[in-house]
Every structure is written in C-alpha cells, then in structure tokens.
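Colleague: I'd like to ask some things about the structure below.
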Amino acid sequence: MANPRSKFDMIGGYLARTYEGVASADVYRRPGLKHRTEPFCIFYNEGMAFRLHGRSLVSALALPEVRPFDPLNPDKPPPGWPGWVWAPPSQMLRWDRLSTDALRCLRTAEEGARVSWQLPEPPPVVEAPPPSPPETMAERVKRFLGGNSWSKWLG
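Last residue of the sequence shown: number 163 in the numbering used here, and the count goes up by one each step with no gaps.
Given below as structure tokens:
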C-alpha cells in the first residue's frame, strides 16, 4: 500500500489527466486540488480533506474517524467549514471515491445548481408508541382462536 502523500499525488495526477480544469495547487498553504479556481481536496496531517454536499457529505461523515474540517484552522475542533470533511489515513481506500465525489459536487455548484454545503437537518424524532399491556401467550392464543372466523372450524 502506498503512503498517504503518494496516494494523494496519484489521485491528483489521475484527476488532472481525466478532467479538464483540475490542477494541483497550494490550497490554504497546503497541497491541494482545484477545479479552475475553487479547491475541492486538501492534503493535511497525513489525511485528505474533501468538500462535499448532500448525500455525499452525509455518507462521508458516517465513515469511521471522518470528521468535519476547517481548512483555515485545521486543528480547530468541529463544526468546521460547511461541506469540508477530513478522512484519516485509515480511510485511504475510500479517498479515490471521496475525491471524485468532491469534484462532482463542486462542478454541480459551478454549473449553477442550488447546493447546500451544510449538513442536512436530522429527521424529527418520532416517539415510540406506548408498550402494549403484558399478557401471557395463552391469553393471546385464546383471543386469536376465540374469534368468529376460527370458531366454525373448531366447533
């Protein structure tokens, strides 16, 4: 397995060859990737940070050890900048997918689509229904068999 920096360089080279407008650049004094003028990936502290939105952002934050990230103050604890997440070296096998997702998210935003870099609101909490009254198995069977539809077959 490659070390984290060579993996970052490999991803950057692939994206630059494959997609027009992608180039390696210094992003906030760190190695990074830009599409035209906008950054979408940063190499920091042996890990990679990605700018994502929507389902990609939610999926990335569900991965173990992935956390919100602030590219200007990377050592600052969450919440970080909207849309930015940092994936540690333990998630290196997912960096390829996360970087292409970050590029897709940025290109979608550049094309004029309305995107939100904010994490979506969690769904409202639904209260559980009250528990049914405790009853024995014998009472439940008696109630089931005592119905009209079964009495004609048993009688």
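A virtual CB, placed ideally from N, CA and C, is assigned to each residue, including glycine.
#1: Taking three-plus beta-carbon pairs below 8 Å as touching, is the region 104 to 117 in contact with the region 53 to 62?
#2: Output needed for Val35: all residues of its chain with C-beta closer than 6 Å, excluding positions within five of it in sequence on either side, in chain order.
#3: Near Arg112, what residues of its chain come up, given a Cβ to Cβ distance below 6 Å and the 5 sequence neighbours on each side ignored?
#4: Would you report the Cα separation of Glu28 and Thr45, rounded to the nearest angstrom?
#5: For Gly120, count neighbouring Cβ atoms within 10 angstroms of its own Cβ and tell me buried if that reaches 16, exposed if not.
#6: Considering only residues of the region 59 to 117, which uninterrupted beta strand (DSSP E) runs meet the minimum length of 3 residues and lie entirely inside it, listed in chain order?
#7: What separation, rounded to the nearest whole angstrom, lies between the Cα atoms of Lys42 and Pro137?
#8: Let me confirm a value: Ala95 is counted as buried when at least 16 other C-beta atoms fall within 10 Å, else exposed. Which label applies?
#9: Just the C-alpha distance for Ala70 and Ser64, rounded to the nearest angstrom, thanks.
#10: Note down the Cα distance separating Lys84 from Gly21, rounded to an integer number of angstroms.
#11: Would you tell me roughly how many angstroms separate the C-alpha atoms of Gly163 and Glu147, rounded to the nearest one?
#12: May I have the straight-line CA-CA distance separating Phe152 from Pro141, to the nearest angstrom?
#13: Rounded to a whole number of angstroms, what is the C-alpha to C-alpha distance between Ser98 and Gly91?
Modeller: In brief:
#1: yes
#2: Here residue 35 is taken as the residue at index 27 of the sequence shown, counted from 1. Closer than 6 Å at the Cβ level, and outside the excluded window around Val35, lie Pro47, Ile50.
#3: Here the question's residue 112 lines up with position 104 in the sequence shown. Excluding positions up to five away in sequence, the list is empty.
#4: Taking the sequence shown and counting its residues from 1, one reaches residue 28 at position 20. Taking the sequence shown and counting its residues from 1, one reaches residue 45 at position 37. Distance between the alpha carbons of Glu28 and Thr45: 12 Å.
#5: Within the sequence shown, the letter at position 112 stands for residue 120. Classification of Gly120: exposed, given that the 10 Å Cβ count is below 16.
#6: 92 to 95
#7: Here residue 42 refers to the residue found at position 34 of the sequence shown. Here residue 137 refers to the residue found at position 129 of the sequence shown. Lys42 and Pro137: Cα-Cα distance of roughly 50 Å.
#8: Residue mapping note: residue 95 aligns to position 87 of the sequence shown, counting from 1. When all chains shown are included, Ala95 counts as buried.
#9: Locating residue 70 in the sequence shown gives position 62, counting from the first residue. Locating residue 64 in the sequence shown gives position 56, counting from the first residue. Computed Cα separation, rounded: 10 Å.
#10: Position 76 of the sequence shown, counted from the first residue, corresponds to residue 84. Position 13 of the sequence shown, counted from the first residue, corresponds to residue 21. Between Lys84 and Gly21, the C-alpha separation is close to 30 Å.
#11: By one-based count along the sequence shown, residue 163 stands at place 155. By one-based count along the sequence shown, residue 147 stands at place 139. Note that Gly163 has pLDDT 49, beneath the 50 cutoff, so the model's placement of it is unreliable and the number below is only indicative. Distance between the alpha carbons of Gly163 and Glu147: 19 Å.
#12: Counting from one through the sequence shown, the residue named residue 152 turns up at place 144. Counting from one through the sequence shown, the residue named residue 141 turns up at place 133. Each residue's Cα considered, the two are about 16 Å apart.
#13: Your numbering for residue 98 matches position 90 in the sequence shown. Your numbering for residue 91 matches position 83 in the sequence shown. For Ser98 and Gly91, the distance between alpha carbons rounds to 21 Å.
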